[in-house]
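Our numbering numbers the first residue of the sequence shown as 1 and each following residue consecutively.
Glycine is no exception: its CB is placed at the ideal position from the N, C-alpha and C atoms.
For clarity, every value in this text was computed on a predicted model and none was experimentally measured.
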Amino acid sequence: MPKRRPEPIEAAPLADAHCPLCGRVLGTVNIDRHHLIPKTFKGKDQFPIHKICHRKIHSAFTERELLQTYHTWEALRGHEDIRAFVDWVARKPPDFYTRTYTSNKKKLR
């Protein structure tokens, strides 16, 4: 059975919305959806988020860590690596994107 593709995120309603991780305006491109509780653990709620912010979350944490410890925006922002990332990305324009690398800490788990 083919995988169902998520419905496209409409840019118009999100134009004034803010990213729940970094607080910047979402803009119109490079927008993903994030499940605070991973889909592998039956998470259903999706939140629009910058692609770079989404990639940073998944480069820093395993699915199990997201389920057990980092399943709220406050918990995510409270982590030292994410806090440093948010401080850095806050100075970038809304549509900014660059490649995100997996942290060495996650690779060693």
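Burial state of residue i, where buried means 16 or more other Cβ atoms lie within 10 Å
{"i": "LYS39", "result": "exposed"}
{"i": "ALA84", "result": "exposed"}
{"i": "ALA60", "result": "buried"}
{"i": "TYR70", "result": "buried"}
Whether residue i touches residue j by CB criterion (8 Å)
{"i": "HIS35", "j": "ILE57", "result": "no"}
{"i": "ASP87", "j": "ASN30", "result": "no"}
{"i": "ARG77", "j": "LEU21", "result": "yes"}
{"i": "LEU66", "j": "HIS50", "result": "no"}
{"i": "ILE52", "j": "GLY43", "result": "no"}
{"i": "ALA90", "j": "ARG24", "result": "yes"}
Reduced DSSP secondary structure (H/G/I, E/B, other) of residue i
{"i": "ASP32", "result": "strand"}
{"i": "TYR97", "result": "coil"}
Practice item. Output the residue ranges of the beta strand (DSSP E) runs that lie fully inside the segment 38-68 and measure 3 residues or longer, sorted by chain position. Key: 46-50
Exercise for review: Report the residue ranges of all alpha helix (DSSP H) runs contained in full by the segment 68-95; include only those spanning at least 4 residues, in chain order.
Suggested key: 73-78 and 80-89
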